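Following: one structure in structure tokens, then a few remarks.
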Amino acid sequence: MGISQTVFKFLSSQKKAIGYSLMGLLTVGSEHLFSLSAFKCPCSNKNYTYGLVYLFVPALVLLFVGFALNGRTWQLFTGCCVNPRKRFPNGNSCHFFHAFGEITFKAFVAPVMWLSVVLLNGTFYECAMSGSKNLKYLEMLCHNKSNKCLEELPKVACGQTSLSSWETEEILLTLQAESQVIGWCVIVSAAFLSLLITCYGHCQSNTSHLQKMFWKIYTEKEKEQFEKYFEDYATKLSEQNLKSFFENKKLEPFPMPSFRVWEEASALDSFNINQKIFSTLHKLVEDSMKENDSSEAQDTMVNLVP
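Here is the structure:
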């Protein structure tokens with residue numbers, strides 16, 4: 004029991020790393036699946052368009068899916084067309100763009116993984132660039148090759164060219180080397196940019212490292228408890244409604260937050276170290292307690308007045 008709890012605790016603490024690892028494995032698997040079953044280079048003047056579609060369209064799809072699966076996206080945009088002020092509450096536009104930047108940063112993880120994998124493999128790049136529209140680039144590939152190289156170049160990726168074996172192999176090795184170099188450049192650039200953004204965020208922070216750790220743990224626990232309370236309250240409310248329906252009994256009052264409270268609790272989380280506020284819900288509860296204390300003080304003053 005102790006070992007299983009230790010393993011579970013370790014896996015829980017490494018959820019982000021495990022998630023990115025699984026995403027990487029799925030990306031590699033998807034690339035192999037596309038290469039084996041779907042991708043068929045036309046070996047004609049359509050090579051360039053066809054190859055680029057397989058390079059970038061899946062990346063765009065993954066980007067859109069990344070936005071759609073991030074709950075903060077819908078927390079940020081729900082109701083903003085009906086009430087545009089929700090995007091910039093109290094004129095605070097910085098918080099909106101900061102939140103949207105974090106969402107975008109996470110959404111780009113999967114597309115970057117896809118581009119890295121397919122470029123290191125080189126299959127899609129070979130097909131695309133063998134049909135490039137850039138004459139100077141094609142001439143560079145056909146340097147010191149036979150006169151029919153430019154004409155036969157689109158067929159190189161399919162192995163159907165009439166060029167000699169050494170010419171075909173040299174062109175393919177050049178294309179594959181270029182693809183892998185670009186792939187490593189994408190990986191290094193993404194890693195450097197990620198490190199740079201993270202370092203900048205920490206350097207500009209007015210909170211300590213331990214406070215940030217506490218904030219992250221608090222928000223995770225609050226989210227877990229939120230989901231648990233949602234499930235419990237939804238179960239109780241549905242049971243009460245079903246019981247009233249089948250037994251034809253009058254419903255008992257069921258406490259639920261008001262529309263205004265739902266709206267305020269749905270706002271984006273913010274960490275205010277000066278007020279020791281760790282989430283939107285925390286701020287809502289603190290404000291409610293202050294309002295209650297203020298109303299109680301006013302009632303006391305009224306009672307003391309002769």
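Per our numbering, the sequence shown starts with residue 4, numbered consecutively.
Glycine included, C-beta positions come from ideal geometry on N, C-alpha and C.
Fair warning: this is a prediction, and the values are worked out from it, not measured in the lab.
- Of the residues assessed, Phe100 falls on the exposed side of the cut-off, its CB having fewer than 16 other CB atoms within 10 angstroms.
- If you draw a straight line from the Cα of Ala268 to the Cα of Asp290, it is about 12 Å long.
- Its chain contains Ala113, Pro114 and Trp117 as the residues whose beta carbon lies nearer than 7 Å to that of Leu65, once the 5 sequence neighbours on both sides are disregarded; these appear in chain order.
- Ser182 and Gly125 do touch by the CB rule: their CB atoms are close to 4 Å apart, below 8 Å.
- Less than 8 Å divides the Cβ of Gly134 from the Cβ of Asn50.
- If only uninterrupted alpha helix (DSSP H) runs of at least 4 residues are considered, those enclosed by the stretch 230-297 are 262-268.
- Going by C-alpha positions, Ile220 is about 37 Å away from Leu122.
- Each residue's CA atom was taken as its position, placing Ser119 and Ser208 some 32 Å apart.
- Of the residues Tyr232, Ile106 and His205, the one whose Cα lies closest to the Cα of Phe80 is Ile106.
- With contacts defined as CB atoms closer than 8 Å, Gly54 and Ala102 fail to qualify as a contacting pair.
- Taken in chain order, the complete alpha helix (DSSP H) segments of 4 or more residues contained in the stretch 111-192 are 112-124, 126-133, 138-144 and 152-155.
- Annotated as distal: Phe127 and Tyr236, with beta-carbon spacing of 8 Å or more.
- Annotation for Ser149: Leu166 and Glu170 place their beta carbon closer than 7 Å to its own, counting only its chain and skipping 5 residues before and after.
- Ser47 carries a coil assignment under DSSP once its states are collapsed to helix, strand and coil.
- With distances taken between CA atoms, Gly74 lies nearest to Lys226 out of Gln243, Lys226 and Glu255.
- Ranked by Cα distance from Ala62, the first of Lys43, Cys83, Phe111 and Tyr203 is Phe111.
- Shown here for Lys151: same chain residues with a beta carbon closer than 8 Å to its own, the five before and five after excluded, namely Ser165 and Leu166 in chain order.
- Counting other Cβ atoms within 10 Å of its Cβ, Ser282 reaches 16 or more and is therefore classed as buried.
- If the five residues before and after Lys158 are omitted, its C-beta is found closer than 6 Å to the C-beta atoms of Cys46 and Thr164, all from its own chain and listed in chain order.
- Non-local beta-carbon contacts of Leu284 in its own chain, meaning distances under 8 Å to residues more than five positions away in sequence, involve Glu225, Phe229 and Ala268 in chain order.
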